[in-house]
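4 protein chains.
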Amino acid sequence: MNMMNAMSTKDVGAATKRPRGRPRDTALRNRILATAAELAAGEGVEIGFDRIAQAAGASRTTLYRWWRSPHELFLDALLESARTPPDPADSPVLERIRAQLEAAAVVLVDRPTAAPLRVLAAGALTSAPDADSFRTHWLAPRRGLARELIRLGIDEGVIVDEDPELLIDLLFAPLYHRAFFTGAPIDDDLIDALLARVRR
Amino acid sequence: MNMMNAMSTKDVGAATKRPRGRPRDTALRNRILATAAELAAGEGVEIGFDRIAQAAGASRTTLYRWWRSPHELFLDALLESARTPPDPADSPVLERIRAQLEAAAVVLVDRPTAAPLRVLAAGALTSAPDADSFRTHWLAPRRGLARELIRLGIDEGVIVDEDPELLIDLLFAPLYHRAFFTGAPIDDDLIDALLARVRR
Amino acid sequence: MNMMNAMSTKDVGAATKRPRGRPRDTALRNRILATAAELAAGEGVEIGFDRIAQAAGASRTTLYRWWRSPHELFLDALLESARTPPDPADSPVLERIRAQLEAAAVVLVDRPTAAPLRVLAAGALTSAPDADSFRTHWLAPRRGLARELIRLGIDEGVIVDEDPELLIDLLFAPLYHRAFFTGAPIDDDLIDALLARVRR
Amino acid sequence: MNMMNAMSTKDVGAATKRPRGRPRDTALRNRILATAAELAAGEGVEIGFDRIAQAAGASRTTLYRWWRSPHELFLDALLESARTPPDPADSPVLERIRAQLEAAAVVLVDRPTAAPLRVLAAGALTSAPDADSFRTHWLAPRRGLARELIRLGIDEGVIVDEDPELLIDLLFAPLYHRAFFTGAPIDDDLIDALLARVRR
DNA sequence: TTCTAAGCGAGACGGTACGTCCCGTCTTGAC
DNA sequence: GTCAAGACGGGACGTACCGTCTCGCTTAGAA
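Residue numbers (this note's numbering), protein chains in the order written: chain Y, 1 to 200; chain A, 201 to 400; chain W, 401 to 600; chain B, 601 to 800.
Structure below.
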């Protein structure tokens with residue numbers, strides 16, 4: 001669903017003939033995604049297509065054409081903003097993990113990503129399909145990367161030899177918990193303390 | 201709000217004169233709370249007063265009389281079911297903390313509490329007032345108790361001397377994260393591993 | 401229904417033993433009737449037992465005990481206020497008819513009667529049972545008296561010999577029409593003009 | 601409010617470009633108006649948007665889109681059905697007045713108009729704004745026409761030289777009174793008798 | 001005095017309608 | 001083929017009354 005939309009005009013090769021009708025307004029699409037994130041940041045109220053459309057100066061019909069639900073739209077908005085973090089492949093493993101943690105902290109705190117993420121998490125808490133989608137498109141890729149790094153660290157002997165899933169939770173769960181529920185600050189001290197729990 | 205409702209007949213002394221009008225139907229109240237929890241367990245759809253009332257065989261009006269929002273109702277239902285965990289005051293501190301963790305695990309997993317808790321958490325993620333309420337009525341008391349135990353453990357030298365807030369997050373955040381998002385199992389091994397991170 | 405309530409304490413003879421329980425609060429009854437009329441004069445909104453009870457400082461239960469519907473209550477209020485007009489039996493017939501017309505004008509215009517009357521008329525327009533009740537308890541007695549006088553006048557030769565029902569309508573309908581719908585003034589000139597149409 | 605709705609497609613000239621969105625469903629509009637009149641004829645109960653919508657197979661929302669209150673809707677329904685009576689402009693004045701009276705009689709008695717008219721009159725009796733609306737949109741135009749004819753008749757010397765307002769009431773009030781309250785028949789004899797009162 | 005019947009206020013409860021808001025679908029015109 | 005405008009059915013929301021009910025308190029005559 002997302003892949004289809006992400007790329008729309010430019011394709012591989014030169015052949016790509018423009019389809020027949022009026023071309024899609026990409027500026028509009030970006031405006032919609034940004035507006036949705038902005039709206040979600042405004043907290044509180046339930047956010048539906050209606051409100052987003054109006055705030056983005058678009059027509060409700062257009063939203064329905066491209067996304068089947070606000071959930072999908074927010075997922076698009078989130079993935080758009082949360083560009084994959086730079087992984088310094090040459091650095092020591094622990095540094096690479098720290099980079100992951102810091103990237104997660106940014107995503108959890110910064111405006112354009114924090115808000116859609118909260119909306120998606122809320123959905124995941126009360127709707128089974130949304131929970132699946134949240135796990136598949138958001139959690140799984142990030143946990144996958146972390147798992148690789150942790151396995152690497154275990155092999156190198158710099159990380160304690162325990163269940164990687166447990167270690168991932170130890171590292172990331174406190175970040176989510178603070179961002180989502182307690183509101184406590186997420187800073188370097190915290191990340192240091194977390195890393196200390198997995199270091200051998 | 202909750203305290204008012206929790207106690208109904210017996211009060212201090214013999215004084216408590218019944219108020220003038222028709223007395224409140226406590227059986228109905230309990231049925232409503234139970235039904236709400238049951239409904240929330242049915243997952244998925246948004247739950248409103250309408251649905252709860254119908255399922256409980258009550259009138260929507262009655263719900264509005266006693267709770268101002270589904271959030272309040274679910275908070276009541278949760279606090280009703282999640283009776284304060286037995287704290288074995290004579291045991292070693294680490295055992296008492298373990299008891300807290302196990303109690304939390306039960307609440308997070310068992311039917312009558314897990315469902316309302318998820319609903320409340322979802323609300324906290326998208327509504328500032330609900331977030332406040334969730335923190336005040338749910339998180340704060342439990343973190344408070346944990347904080348006391350941790351301080352005790354630090355004094356006794358059985359727990360590492362670090363910021364208690366950090367230790368609380370280390371212990372509890374993974375439980376919430378698994379219950380709320382990943383769906384991974386919450387068992388004794390997990391609790392052992394968590395405790396190991398705070399033990400001196 | 402009304403007769404039962406109108407007289408409550410005094411009865412025929414001295415025998416009338418007071419019934420067993422607490423006696424009815426007549427001051428309250430009067431206050432309710434007056435308040436209802438006053439409320440109806442406040443125009444506009446639909447008037448129900450709830451509003452009347454609150455305005456009269458009575459309990460809704462009490463209203464339900466004595467009247468089955470606002471319609472009955474307003475009928476009581478109207479009949480209470482619209483004491484039977486003085487009929488100068490010794491005067492010429494036309495003078496007696498004029499007295500009836502003037503009495504009707506007063507009832508249609510003066511506060512404590514006009515408002516309940518409008519409410520009852522409105523009910524009569526949209527509810528068959530209320531229409532019956534309105535005809536039986538309000539219109540019929542007054543038309544009956546007018547009919548007698550008109551027959552007398554016809555016999556005496558001072559009134560045109562036409563269908564009394566027609567003559568009654570000719571005399572009274574314009575009063576009702578002005579009071580109820582056009583809002584045009586009802587004065588002696590009008591009554592003179594009306595009487596002129598039936599005088600021989 | 602009515603004029604806007606009455607005309608829909610054809611306007612002056614050929615210009616009238618259709619507005620942008622989906623066009624209004626005029627068949628639905630007519631069905632709603634007819635159903636409302638039909639329902640009102642079923643007498644009795646209070647009629648709200650809910651009932652009308654359900655009976656007409658429309659959505660309540662749609663009714664609220666086009667009318668602000670049942671009063672407005674009934675006014676529309678009445679004015680739609682009560683097409684302006686044919687005025688035989690070449691006939692003698694008294695004949696033209698008789699035509700008006702007969703038209704009024706039809707409106708007051710015939711199904712599709714009598715019922716909405718009663719509802720409107722009931723509203724006028726208990727609500728000041730509804731009374732205004734009733735006078736402005738229903739009574740005023742009809743009385744205006746009658747006033748012209750009467751003035752003409754006075755000039756021609758065929759009608760008594762009295763206040764036209766009085767004469768209008770004399771002619772029409774009995775019709776309304778019988779239709780609304782007494783239920784007595786409205787026939788040619790009645791109209792003859794009424795006309796006799798204004799003829800010179 | 002005590003008992004008993006009735007009046008009265010307070011307030012819970014189920015129910016219905018209201019007016020509003022949003023959703024998802026549709027039908028049209030313009031680009 | 002994309003987009004805006006907007007009608008339409010449907011459903012939930014929060015409120016306001018309605019009519020019934022269960023209470024406790026009061027007022028009185030009767031036992």
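Don't be surprised by glycine CBs; every beta carbon is placed ideally from N, CA and C.
With a cutoff of 8 Å on beta-carbon distance, S491 (chain W) and A437 (chain W) are scored as not near each other.
DSSP places I647 (chain B) in the coil class of the three-state scheme, outside both helix and strand.
Between L473 (chain W) and L517 (chain W), the CB-CB gap reaches or exceeds 8 Å. The C-beta of P470 (chain W) comes no closer than 8 Å to any C-beta of chain B. Neighbours of Y664 (chain B) in chain W, taken as residues at a C-beta separation under 8 Å, are lacking, since the least C-beta distance is about 19 Å. When C-beta atoms of the segment 714-734 of chain B are compared with those of the segment 519-530 of chain W, three or more pairs fall below 8 Å, so the two segments count as touching. Shown here for F534 (chain W): same chain residues with a beta carbon closer than 6 Å to its own, the five before and five after excluded, namely L520 and A524 in chain order.
Out of A:V309, A:L239 and A:G353, the CA that lies nearest to the CA of D387 (chain A) is found in A:V309.
Judged by pairs of C-beta atoms under 8 Å, the segment 361-368 of chain A touches the segment 341-348 of chain A, as three or more such pairs exist.
For R799 (chain B), the secondary structure class from DSSP, reduced to helix, strand or coil, is strand. Taken in chain order, the unbroken stretches of alpha helix (DSSP H) that lie wholly in the segment 302-377 of chain A and span 4 residues or more are 311-326, 328-334, 340-356 and 364-377. A Cβ of chain W is located within less than 8 Å of the beta carbon of L766 (chain B). Minimum Cα-Cα distance from L494 (chain W) among the listed residues W:L463, W:V560, W:G553 and W:Y464 corresponds to W:G553.
Rounded to the nearest angstrom, the gap between the Cα atoms of T182 (chain Y) and L339 (chain A) is 8 Å. Close partners of D369 (chain A) in chain Y (Cβ separation under 7 Å): P174, H177 and R178.
Annotation for R665 (chain B): the continuous alpha helix (DSSP H) segment containing it runs R660 to W666. If you check the CB distance, H777 (chain B) and H577 (chain W) come in under 8 Å. G421 (chain W) has its alpha-carbon roughly 16 Å from the corresponding atom of W466 (chain W). A residue is called buried once 16 or more other Cβ atoms fall within 10 Å of its Cβ, and Q700 (chain B) is buried on that count. In this structure, the straight-line span from the alpha carbon of R747 (chain B) to that of A515 (chain W) is close to 30 Å. DSSP, read as helix, strand or coil, puts R624 (chain B) in coil. Cα atoms of T313 (chain A) and V307 (chain A): separation of roughly 5 Å, rounded to the nearest angstrom.
Taking a Cβ-Cβ cut-off of 7 Å, the neighbours of V719 (chain B) in chain W comprise T526, given in sequence order. Between I391 (chain A) and A658 (chain B), the alpha-carbon positions lie close to 59 Å from each other. Scanning its chain for C-beta atoms nearer than 6 Å, with the 5 sequence neighbours on each side dropped, one finds around L63 (chain Y) the residues F49 and A53, in chain order. About 6 Å separates the CB atoms of R451 (chain W) and L439 (chain W); that is less than 8 Å, so the two are in contact. When DSSP states are grouped into helix, strand and coil, A89 (chain Y) belongs to the coil group. Its chain contains T635 and L639 as the residues whose beta carbon lies nearer than 6 Å to that of A655 (chain B), once the 5 sequence neighbours on both sides are disregarded; these appear in chain order. The three-state secondary structure of A255 (chain A), taken from DSSP, is helix.
For V160 (chain Y), the CB contacts under 8 Å within the same chain, skipping 5 residues up- and downstream, are I154, L167, V198, R199 and R200 in chain order. At a cut-off of 8 Å, the C-beta of T182 (chain Y) has a neighbouring C-beta in chain A. Look at I586 (chain W) here: in three-state DSSP terms it is coil, with no helix or strand label.
When DSSP states are grouped into helix, strand and coil, T484 (chain W) belongs to the coil group.
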